[in-house]
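All remarks here apply to the structure that follows.
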Amino acid sequence: MARYISLAQLHKFETITEALEENGRRINILCRIGGDDFNKLAGRLMDCCEGIKACNSLACKLCNRQYRLKRVDDLVTLIHTKKRRWWVVTIVEYSRAFPFEDLDSLDVQKSKDRLRKLLERSGMEGPIVGSFEIDYHEACGLWLPHYHLLFPSTLQNRQAKENLRKKVIKQQPHHIKRNKPARPIKFQRLKRPYTQISYNYKLVSNAVRDYECRRTGKMRTKKYRLADEMFCRSLCWMDRIGRRRLLFSFGERD
Ligand SMILES: [Zn+2]
C-alpha cells in the first residue's frame, strides 16, 4: 500500500474546487436570507474566493481547508517521528447542551479550561490536541458540545485512562435524548492518521437527525447542513469567535 505523505492525497479530503463550491453555497444562502451581518460575511467570503483578500475566517471553507491541510500534515509528521501509539478520543458534554438561541453566549474558553483541569486531575500528560465542536440535535433542539482529541498512549496516560473515563462519566451521566445510553468518552486506536486526525479538525457544525434504519430497525443518526437561517447564524458565530477559539491543546510543548 502506498504511504500517504499529505492529507491532500486522500480522496475524501476536499479539493480547492470543492472548497470554492462550498463557499459559493454559503454565500448564496447568506445572501438569500439577507440582512447586514449575513451580507457582510458573504462579501468577505466572496473576496476570499476571488483571491482579492484572504479572509482567514472560521466560516470560510477555503481558509479552513488550508489550515486543516497544514495542521494535519504537521501532526502526522510529528507522529511518525515518535515511536509510540496514539488514541483519538471523543468527549461529549451532554450536561452542557444548550438551546439554539444561546449560541452567542456560549463560552468556549471556559469549556476548554474545564477540560484542561479535568485532564490534569486525571493525571494525563500532553501533547493532547484537537478541537471543540458543536452539533445541533434536531430531535431535542439542543446544541451538543464535544471534543475530538489526539492523545499519546504513554505509560502515564494508559494508567490515567480509567481515571479520566470515570470522571467524565460522572460529569456526563445522561444522554440528551431519552432512552439513549450516554457514551461521553470514547478511545480509539489511531490507525489511519490522516483520516482520523483530519476528522478531528472538521471545524464545522452540522444538524444531527435521528432516523430508524429500514434494514435493522435500529435508531441511527445522520448529519445534515443546518436549516438556512440557523446555518447563517452559525456561520456568523464561527466568524466572530475565530478558529483559535475552537482549537484545543494541553501540554503541547513536546
Ligand atoms: Zn477565506
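Using this note's numbering, you'd call the opening residue of the sequence shown number 80 and step up by one each time.
From the three backbone atoms N, C-alpha and C, an ideal C-beta is built for every residue, glycine too.
Source: prediction; values computed, not measured.
Which value, in whole angstroms, describes the spacing of the CA atoms of residue 127 and residue 105? Taking the straight line from one Cα to the other gives about 13 Å.
Between the CA atoms of residue 203 and residue 192 - distance to the nearest angstrom: Computed Cα separation, rounded: 15 Å.
Can you tell me which residues fall inside 7 Å of ligand 1, judged by beta-carbon distance to its nearest heavy atom, and keep chain order? In chain order, the qualifying residues are 124, 127, 133, 134, 135, 136, 139, 141, 142.
Range of the contiguous beta strand (DSSP E) that encloses residue 90: Where residue 90 is concerned, there is no enclosing beta strand (DSSP E), given that its DSSP letter is neither H nor E.
Report the three-state DSSP secondary structure of residue 233 (helix, strand or coil). Coil at residue 233, not helix or strand.
Just reading off the alpha helix (DSSP H) that residue 302 is part of, what are its end residues? Where residue 302 is concerned, there is no enclosing alpha helix (DSSP H), although the beta strand (DSSP E) around it starts and stops at 298-303.
What are the start and end residues of each continuous alpha helix (DSSP H) run of 4 or more residues lying completely inside the stretch 182-229, in chain order? Those alpha helix (DSSP H) runs which fall completely within the stretch 182-229 and span 4+ residues are 187-201.
Which word fits residue 253, buried or exposed, when buried means at least 16 other C-beta atoms lie within 10 angstroms of its C-beta? With fewer than 16 other Cβ atoms inside 10 Å of its own Cβ, residue 253 counts as exposed.
Using alpha carbons as the reference points, say which of 119, 247, 218, 220 lies closest to residue 138. Minimum Cα distance to residue 138 is reached at 119.
I'd like to check one pair, residue 163 with residue 85: are the Cβ atoms closer than 8 Å? No, they are not a contact pair.
Euclidean distance between Cα positions of residue 223 and residue 167: Roughly 19 Å between the two C-alpha positions.
Which residues DSSP lists as bridging residue 264, in chain order: Note: residue 264 is bridge-paired with 170 in the DSSP secondary-structure output.
Residue 269 (DSSP reduced to helix, strand or coil): Note: residue 269 maps to coil in three-state DSSP.
Anticipated Cβ contact below 8 Å, residue 169 with residue 216, distance rounded: Rounded to the nearest angstrom, the Cβ distance from residue 169 to residue 216 is 15 Å, too far for a contact under 8 Å.
Going by beta carbon distance, what residues of the same chain come within less than 6 Å of residue 125, once the five residues before and after it are set aside? The residues are 106.
Roughly how many whole angstroms lie between the Cα atoms of residue 246 and residue 330? Distance between the alpha carbons of residue 246 and residue 330 is about 20 Å.
Which of helix, strand or coil does DSSP assign to residue 288? If DSSP states are grouped into helix, strand and coil, residue 288 belongs with the strands.
Which residue from 209, 272, 121, 93 puts its Cα closest to that of residue 310? Residue 121 holds the alpha-carbon nearest to the alpha-carbon of residue 310 among 209, 272, 121, 93.
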